[in-house]
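Trainee: Chains as they are written, first to last, in this note's numbering: chain A, 185 to 531; chain B, 16 to 509. Beta carbons: idealized from backbone N, C-alpha and C, even for Gly. First the structure, which I've put down as structure tokens, then a few questions once you've had a look.
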């Protein structure tokens, strides 16, 4: 990873622990999910498992581009702000990859590459090839998946699905993407050999390639192509099973208290499950507000509706530390503001 | 089964599955010794390029149970699984620390469907993994690939290698095949001692007579880099340049791409999986001339026509050096191995050795229970010694000896570079082999003579394919899926 890429993740400030947990794909706490969502890094969940963030942090500190305001809380320096702008103008910045929250993007990339290679070899009736090596479970799943289709239909539909998607891309992107694929007697071009923008580094090219896979994934799932069917092998839920069960009960109309009794879990745990569900499943504000009692909504509106910077609202203006229920309502109100703002941005 | 029946069966397996009429030197002897009714454990020391992996492939086919192969590197395991798949052995899997927990769990639940299990020693020492293998598989053969790793890495880097004897017992002592190209006379008893069992030792010479051995001493880094550039422009065919640092490998590839028209690619452990695969495939198909690599490259590579190897950095010992130059000339044709040296190259290796082996102070600190400030790797090594009941003074003494041995091995490497006479015999002697005489002892040179590439490489390297011109994506798709104009995408998609 280019160290400067980290600068692009700063809005005002950045919590290193949140970034580490998200990029390395560690299990998500409510707090990590919340802050990851606020600074828009949640979609990058697990995309950079090997990145040494401590080293990158040291590099940027040494170059006086960031500084540590409190332990673990980083802010950009003036030089950092300039560097961030320069980086953004010269390098590739991937679009929002929120599909990665529902499908494991890196897994999809590997699954697609192996399936594509196998289908290409199949088209030449060749069983004698060095298969691309991926996780054994995925390899086995692909094998089972391929067996479901008659040979000719598989090859035809796969090629057609790929063609349909490629036709939606700028020609240069389509040419470059296809050049990197491997198949029968085709070893695939290296990313370093692609003639892209001269300022792009290998990391930029990797980011570009991953964004292409994200685009292919979204297209294939939406259009329900054969590639979209294969993509189901990479489907995932970041919501823990226990939280998902709570969510299911809530959506069936069971009250928080009743869920707590039925599942023999503390009310605070149930609230955390719901909060996590709201964030990972992108609830709309009206649905979120159903979790907040009407009286509390009035109080929250009185406290915060005149303050636009919801990331920096202070809980103390509304409740105190010994009132965990109020803190949940506060977070939910923040999330309403966040999703409303995001909806406004899209319009 | 008689000796003759066994031999015929093995030849039949070779012919039907691999298309070869006869075994290479040493292969049949290893297989017969291992697989005979009263078969023995075998330590096979066969030079690089003799087809060691074919041994466990055929043994596995013959025994018809599970073959567990202990393998040192993730990239090597992946290459080996791909190679078995290529040979039609689809029931092969690699278990290693880089797997996701979910995938690992799935593999462990489904072990019985695999005939070949590649595994790192650290994973094999995990009780739950070993238990899963014991419960689900009938292990007929345990293979220790690159068995010199037991001695080279076990004592101060990967202590799990020193626990393989226990694993062997827990697997009910199946047949055991330890494979290496470069185990010296001193290493061999140390390898066998791990398993407390008698071994048949089948050894062929480490000598690769058709590889020209050359060392060149340069005055400084700049001279070394210039010499490298000249060599790269001169040497024909495919080649590998070995470096010990990923950062420098990246820098060197950028330099060479600017300075030559050769197609150069960098290969090391930080590469993404798909890029690693593409580089290997391009190299195999002669679409890359030169690989700039750390030692992660090449252990599983089966490209027969690599014509030359250059070492830009100093290997830490002769065994590693032979291992790496052994990638050249596997087609039994002439090849060249050149080691470039500048004064003080050894400083980097020395410091790596010193940093790897815990000092007396660190060992004492660990045994006193103050492990917090000790790095994870050192803790892992010392924890092994503590768990096996060894006291601090013993460990201090043992690791001090170990440090001396490794520094001595480095010194031997330096002596080899300085040597102006009889280089080939120097290597053979170091591996306990008899000296050669006459022409057999030659085919080496130093900076004192000019390198005559055309005389040495009478068989030219395979000409590298010209870079393909960029194609439109729709054309590539047609080629990729073998579609004729009658059913082209243009016809399909409206």
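Are residue 463 of chain A and residue 375 of chain A close, meaning C-beta to C-beta below 8 Å?
Mentor: No; because the gap between Cβ atoms is not below 8 Å, this pair is not in contact.
Trainee: Using a Cβ cut-off of 7 Å, pull out every chain C residue sitting near residue 300 of chain B, in sequence order please.
Mentor: Within the model displayed, chain C is absent; protein chains A and B are what it includes.
Trainee: Rounded to the nearest angstrom, what separates residue 256 of chain B and residue 340 of chain B at their Cα positions?
Mentor: Using only the alpha carbons, I get a separation of about 10 Å.
Trainee: Step through the CB atoms of chain B and report whether any lies within less than 8 Å of the CB of residue 186 of chain A.
Mentor: Output row for residue 186 of chain A: interface = no.
Trainee: When burial is assigned at 16 or more other CB atoms within 10 Å of the CB, is residue 16 of chain B buried or exposed?
Mentor: The residue in question, residue 16 of chain B, is exposed, as its Cβ has fewer than 16 Cβ neighbours within 10 Å.
Trainee: Distance check for residue 271 of chain A and residue 243 of chain A, CA to CA, integer angstroms please.
Mentor: About 16 Å.
Trainee: State yes or no: is the C-beta of residue 181 of chain A within less than 8 Å of the C-beta of residue 187 of chain B?
Mentor: Nothing about residue 181 of chain A can be read from this structure; chain A reaches only from 185 to 531.
Trainee: So the alpha helix (DSSP H) residue 150 of chain B belongs to, where does it begin and stop?
Mentor: That run of the alpha helix (DSSP H) goes 142–151.
Trainee: Could you name the residues of the segment 81–104 of chain B whose beta carbon sits closer than 9 Å to any beta carbon of chain A, in the order they occur along the chain?
Mentor: Cβ contacts with chain A: 92, 93, 94, 96, 97, 98, 100, 101, 102 and 103.
Trainee: Do the CB positions of residue 177 of chain B and residue 209 of chain B come within less than 8 Å of each other?
Mentor: It is a contact, given that the beta carbons lie within the stated cut-off.
Trainee: Can you give me, in chain order, the residues of the segment 218–244 of chain A that have a beta carbon less than 8 Å from any beta carbon in chain B?
Mentor: The residues in question are 234.
Trainee: Go ahead and pull the three-state DSSP assignment for residue 168 of chain B.
Mentor: In this structure, residue 168 of chain B counts as coil in the three-state DSSP scheme.
Trainee: With 8 Å set as the bound, which would you pick, yes or no: does the beta-carbon of residue 362 of chain A sit closer than that to a beta-carbon of chain B?
Mentor: So, interface residue.
Trainee: Among B:219, B:221, B:220 and B:204, which one has its Cα closest to the Cα of residue 213 of chain B?
Mentor: Among B:219, B:221, B:220 and B:204, the Cα nearest to that of residue 213 of chain B is on B:204.
Trainee: Are the segment 481–501 of chain A and the segment 437–449 of chain A touching by the rule of at least three beta carbon pairs closer than 8 Å?
Mentor: Not touching, per the Cβ criterion.
Trainee: Give the range of the alpha helix (DSSP H) segment to which residue 32 of chain B is assigned.
Mentor: Its alpha helix (DSSP H) spans residues 18–33.
Trainee: Quickly, what does DSSP pair residue 227 of chain B with across the bridge? List them, please.
Mentor: Answer is B:351.
Trainee: Counting only C-beta atoms, is residue 290 of chain B closer than 8 Å to chain A at any point?
Mentor: Closer than 8 Å: yes.
Trainee: Assign residue 232 of chain A to buried or exposed, taking buried as 16 or more other Cβ atoms, counted over all protein chains shown, within 10 Å of its Cβ.
Mentor: The residue is buried, with at least 16 neighbouring Cβ atoms inside 10 Å.
Trainee: Between the Cα of residue 309 of chain B and those of B:63, B:267 and B:344, spot the shortest distance and give me the residue it belongs to.
Mentor: With distances taken between Cα atoms, residue 309 of chain B lies closest to B:267.
Trainee: With distance defined between alpha-carbon atoms, name the residue in B:77, B:360, B:32 and B:158 nearest to residue 20 of chain B.
Mentor: Checking every option, the nearest Cα to that of residue 20 of chain B belongs to B:77.
Trainee: Bridge partners for residue 198 of chain A per DSSP, in chain order?
Mentor: DSSP output for residue 198 of chain A lists A:258 as bridge partner(s).
Trainee: The alpha helix (DSSP H) that contains residue 399 of chain B, what's its start and end?
Mentor: Counting along the chain, the alpha helix (DSSP H) containing residue 399 of chain B begins and ends at 391–402.
Trainee: Using the Cα positions of residue 507 of chain B and residue 344 of chain A, report the straight-line distance between them to the nearest angstrom.
Mentor: Note that residue 507 of chain B has pLDDT 37, beneath the 50 cutoff, so the model's placement of it is unreliable and no number is given.
Trainee: Looking only at its own chain, which residues have a Cβ that is under 6 Å from the Cβ of residue 511 of chain B, when we skip the five neighbours before and after it?
Mentor: Missing from the structure shown is residue 511 of chain B; chain B here goes from 16 to 509 and no further.
Trainee: Kindly say whether residue 326 of chain A, judged by its beta-carbon, lies nearer than 8 Å to any beta-carbon of chain B.
Mentor: No, residue 326 of chain A lies away from the interface with chain B (no Cβ there is under 8 Å from its Cβ).
Trainee: Could you tell me the boundaries of the beta strand (DSSP E) in which residue 282 of chain B lies?
Mentor: From DSSP, the beta strand (DSSP E) with residue 282 of chain B extends over 279–282.
Trainee: Would a check of beta-carbon distances place residue 270 of chain B closer than 8 Å to chain A?
Mentor: Cβ-Cβ to chain A under 8 Å: no for residue 270 of chain B.
Trainee: Could you give the distance in angstroms between the alpha-carbon of residue 314 of chain B and the alpha-carbon of residue 86 of chain B?
Mentor: Low confidence applies here, because residue 314 of chain B scores a pLDDT of 49, under 50, leaving its location unreliable; read the following figure in that light. Each residue's alpha carbon lies about 10 Å from the other.
Trainee: Would residue 58 of chain B pass as a contact of residue 173 of chain B if the rule is Cβ separation under 8 Å?
Mentor: No. Outside cutoff.
Trainee: If we call anything under 8 Å between Cβ atoms a contact, is residue 342 of chain B one with residue 321 of chain B?
Mentor: Against a cut-off of 8 Å, the Cβ pair of residue 321 of chain B and residue 342 of chain B comes out as a contact.
Trainee: Distance, Cα to Cα, residue 206 of chain A vs residue 229 of chain A?
Mentor: Approximately 5 Å, taken between the alpha carbons.
Trainee: Quick one: does the C-beta of residue 379 of chain B sit closer than 7 Å to a heavy atom of the ligand FAD?
Mentor: In the structure on display, the ligand FAD does not appear, and there are no ligands present to speak of.
Trainee: Whole angstroms are fine: how far does the CA of residue 506 of chain A sit from the CA of residue 133 of chain B?
Mentor: Approximately 55 Å, taken between the alpha carbons.
Trainee: For residue 448 of chain A, does the three-state DSSP call read helix, strand or coil?
Mentor: DSSP places residue 448 of chain A in coil when its eight states are reduced to three.
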